[in-house]
Every structure is written in C-alpha cells, then in structure tokens.
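Colleague:
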Amino acid sequence: MKLALTVLAAALLCTSCAPAADTRSTPETPGTHTAAASAPVSLSAGGQPQAPGGTVPPTLGIAWDEDSKKAAAGVASRAMADFARPASEATRWANDFARWLTPQATAAYSAVDPANIPAARVTGPATLDVDETNGYGVIATVPTDAGPYRVHLLRTSRDSPWKVNRLTPPA
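For the sequence shown, my numbering begins at 68 and goes up steadily by one.
1. From Lys230, Arg225 and Ala213, pick the residue whose C-alpha is nearest to that of Ala130; which is it?
2. Taking all protein chains shown into account, do 16 or more other C-beta atoms lie within 10 angstroms of the C-beta of Asp196, making it buried, or fewer, making it exposed?
3. Would you identify the three-state DSSP class for Ser224, choosing helix, strand or coil?
4. Compare the C-alpha of Leu220 against each of Ala140, Gly128, Asp132 and Phe150 and name the closest.
5. How would you label Lys137, buried or exposed, when you count the other beta carbons within 10 angstroms and need 16 or more for buried?
6. Locate the alpha helix (DSSP H) running through Val205, then write down its first and last residues.
7. Excluding the five sequence neighbours on either side, which residues of its own chain have a C-beta within less than 6 Å of the C-beta of Pro266, listed in chain order?
8. How close, in whole Å, do the beta carbons of Ala128 and Tyr203 come, if the pair is a contact with beta carbons under 8 Å?
9. Kindly indicate which residue of Ala148, Ala174 and Ala175 has the alpha-carbon position closest to the one of Ala186.
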C-alpha cells in the first residue's frame, strides 16, 4: 500500500509541474510573431489642430448672475439647516432633507441616522466657490457648530432649482 501511495504521489508531482497543453489552433515559431497596428494612431485631425481657429466658449451653457448665486447660497444654507438636526426623528429628518437632494444624493443619504451627524446648527451664511464658466454646478461652504461643511450643488438648467448632490464634512 505504501508503494502505491508513493508512486501516486510521484506521478502527481510530475504532472503538476508539466506545462499545460497548447490549445492554440496554429503553432507559432518563436520570434516570428509581430503585432501590427490596424491604423496609425493620432491624437489630432490629420496632424492638424482639431478646431483650427476655434475658440473656447465663455461658459458651459449657463452664465452666472446674482440671482443664481443668491439661490445657490440659499439652498445650501437651508439644506444644511435641515441636515444638521441630530436630535430629529429619523423619518421626519429624511423627509425634510430629501427635498433639497438630487436623486443620487437621496439614495446615498437614505440610510443616514441623524443621531450620528456631528453638526447641530448652521452658524453663518453660505459662501460660494463659483466657476464662472460652469453655471450648472457650484460648491458652497456652510459654517456649522462642528466646522465648515462643503455643499455640492447642481442644476440642470437656468430655471431648474439647485439640488444638493453631496455634503462633505469638515476635515
């Protein structure tokens, strides 16, 4: 019996070290295979600029104005005020906060327990970090008793309301 087990172990050892079977349909001769590009690669249009004489548009669709800035700052402050209520009942907190959120943010914040929120109140007005070339999004900084939160706001058109896409807590 010991001899049979020894022979079996030796056979397994030898076969486990053997190379795998070649499953390619045609054998290759070593050193003869070369890769060829199907077309030349270029990052421009025929070696020329892609938009000769073109200019970058001044904005990405929506220009900023004072009303847009006031609306964004107002939404950031009110959304943060609804967020910073750790003593609130969870369902009421979620319903009050959800009105300010994008659909993605609604899903992301649906499992938040307000008791775990370190901020309990907003302590000052929101300030905006405006990119004048992009009227679709802005980041507001809202001071709270736990430190400044960054509120990421989006809108889909000039007439659409600002919605909170993300809150970033103090570092």
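Quick reminder that beta carbons are idealized off the backbone N, C-alpha and C, glycines included.
Modeller: Short version:
1. As a first step, residue 130 must be located in the sequence shown, where it is residue number 63. Selected option, being the one with the closest Cα: Arg225.
2. Reading the sequence shown from its first residue, position 129 is the one you call residue 196. The residue is exposed, with fewer than 16 neighbouring Cβ atoms inside 10 Å.
3. Stepping through the sequence shown from its first residue, residue 224 is reached at position 157. Coil at Ser224, not helix or strand.
4. Here residue 220 refers to the residue found at position 153 when the sequence shown is read from its first residue. Among Ala140, Gly128, Asp132 and Phe150, the Cα nearest to that of Leu220 is on Ala140.
5. Taking the sequence shown and counting its residues from 1, one reaches residue 137 at position 70. Exposed, because fewer than 16 other Cβ atoms sit within 10 Å of the Cβ of Lys137.
6. The count along the sequence shown starts at 1 and reaches residue 205 at position 138. Element bounds for Val205: not the alpha helix (DSSP H) but the beta strand (DSSP E), Gly204 to Thr211.
7. Limits of the chain in this structure are 68 at one end and 238 at the other, which puts residue 266 out of reach.
8. The residue given as residue 128 occupies position 61 in the sequence shown. The residue given as residue 203 occupies position 136 in the sequence shown. As written in the sequence, residue 128 is Gly, which differs from the Ala given in the question. With a Cβ gap of about 7 Å, Gly128 and Tyr203 count as contacting.
9. Residue mapping note: residue 186 aligns to position 119 of the sequence shown, counting from 1. Among Ala148, Ala174 and Ala175, the Cα nearest to that of Ala186 is on Ala148.
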